[in-house]
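All remarks here apply to the structure that follows.
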Amino acid sequence: MTLTLDLPEHLAATDRALIAALAERNLADHGDGLLGLVLSGSAGRGLATDRSDLDVLVVLSDEAAAERTTAHSSEVDEIPWSRSELDTVGTFGTEDWWCRWSCAWAPVLLDRTDGALADAVRRQATLSPEEADGVLIDHDRLDGWLNFAYRALKGDRDGRSLETRLDAAESVPWLLDVVFAMAGRVRPYNKYLPWELRTHPLEGWPADDLLGLVERTLEGDVGAIRETFARVRPACSSYDASRGHTRTTDMVQGWGEELRLFEVRAG
């Protein structure tokens, strides 16, 4: 049996040969237990350098995957995933959650499941409406961003520059969870943030705008925090309208008079 692979055009000939050999070897080892291949990492997203290896997710039946472990080499990381693992969607804060973005925008090279594998890969990188609510509200990412941003603003008000920079920097991961959750997407690994924002834009958050706000916030620029708040607040209203509730808006409004610090303008 010969496998037909759907390889991205950007892959070099040497990488194509490596993947073809890997596919044939897994077919020989597992037969029908080989369900598919997914190319993750830099190579899967067209960002490979001469120091990059191939991160290939080998999707196997549960029985075939039982005796497999990840195989590392200088050229290929061959990562076995059982079908059950792929179909299990990790919850926020768990180890399985942090693996979910590895499936985002990752090309499926081989799907022997009549499309079910491709659907499962997309599901890993996509938040259901209930999951998005969970990230924003139940896991406090929105409130946590407000908390660190507020602390940075207070530090600036009180002339504590180091504390301001620390709290401002601490707020950034929480902010990124918020803006991606509102879009129904898993937040990317930091390495891929600029790439994702430019190639798969977030509505209401143009790449250069959000990256600029992030960079300025990391430098302790409280003006950037206030500009970000001015975007987050209406984004909450739009998100709540799409969900048919007022949970994120209520959380913001729950800060009451403290919000005035977010609205102060220089000069």
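No gaps in the numbering here: position 207 of the sequence shown is 457 in my numbering, and each next residue is one more. For glycine and all other residues, C-beta sits at the position ideal for the given N, C-alpha and C.
Check	Outcome
Let's test the definition: count the other Cβ atoms within 10 Å of the Cβ of Y489 and tell me whether it reaches 16, buried, or not, exposed.	buried
When burial is assigned at 16 or more other CB atoms within 10 Å of the CB, is W455 buried or exposed?	buried
With a threshold of 7 Å on Cβ separation, who are the neighbours of G517 within its own chain once the five nearest residues in sequence on each side are excluded?	Note that G517 has pLDDT 44, beneath the 50 cutoff, so the model's placement of it is unreliable and the number below is only indicative. Cβ within range, chain order: n/a, list empty.
From the DSSP secondary-structure annotation, give me the bridge partner or partners of V309.	G286 and W331
Can you tell me whether L255 is helix, strand or coil according to DSSP?	coil
Measuring CB to CB, does W351 end up less than 8 Å from W395?	no
In whole angstroms, what separates the C-alpha of P258 from that of Y442?	18 Å
Does the region 467 to 474 touch the region 412 to 422, meaning 3 or more C-beta pairs lie closer than 8 Å?	yes
Under the DSSP definition of a beta bridge, which residues are partnered with A321?	E328
Mind listing, in chain order, the continuous alpha helix (DSSP H) runs of no fewer than 4 residues lying wholly within the region 360 to 437?	366 to 374, 379 to 383, 391 to 407 and 411 to 432
Between the region 278 to 289 and the region 341 to 350, can you find at least three pairs of beta-carbon atoms closer than 8 Å?	no
Since Y489 is in the alpha helix (DSSP H), which residue starts that stretch and which ends it?	V472 to R493
How long is the line joining the alpha carbons of D361 and A368, rounded to whole angstroms?	7 Å
H495 to V371, Cα distance in whole Å?	29 Å
Among H389, C353 and A480, which one has its Cα closest to the Cα of A399?	A480
Quick one: what's got a C-beta closer than 7 Å to S487's C-beta in the same chain, skipping five residues either side?	T499
Could you check where the alpha helix (DSSP H) with F512 kicks off and where it finishes?	R510 to E513
Does the region 386 to 394 touch the region 325 to 334, meaning 3 or more C-beta pairs lie closer than 8 Å?	no
Our contact map puts G291 next to L304 with C-beta atoms below 8 Å; I'd like the distance itself, whole angstroms only.	7 Å
At the level of alpha carbons, what is the spacing between E508 and R407?	13 Å
Assuming T376 and R435 form a contact by the criterion Cβ under 8 Å, report the distance between their Cβ atoms to the nearest whole angstrom.	7 Å
Does DSSP put W347 in a helix, in a strand, or in coil?	helix
Checking 8 Å against the spacing of the C-beta atoms, do A354 and P330 come in under that value?	no
With DSSP run on the structure shown, which of helix, strand or coil describes V502?	helix
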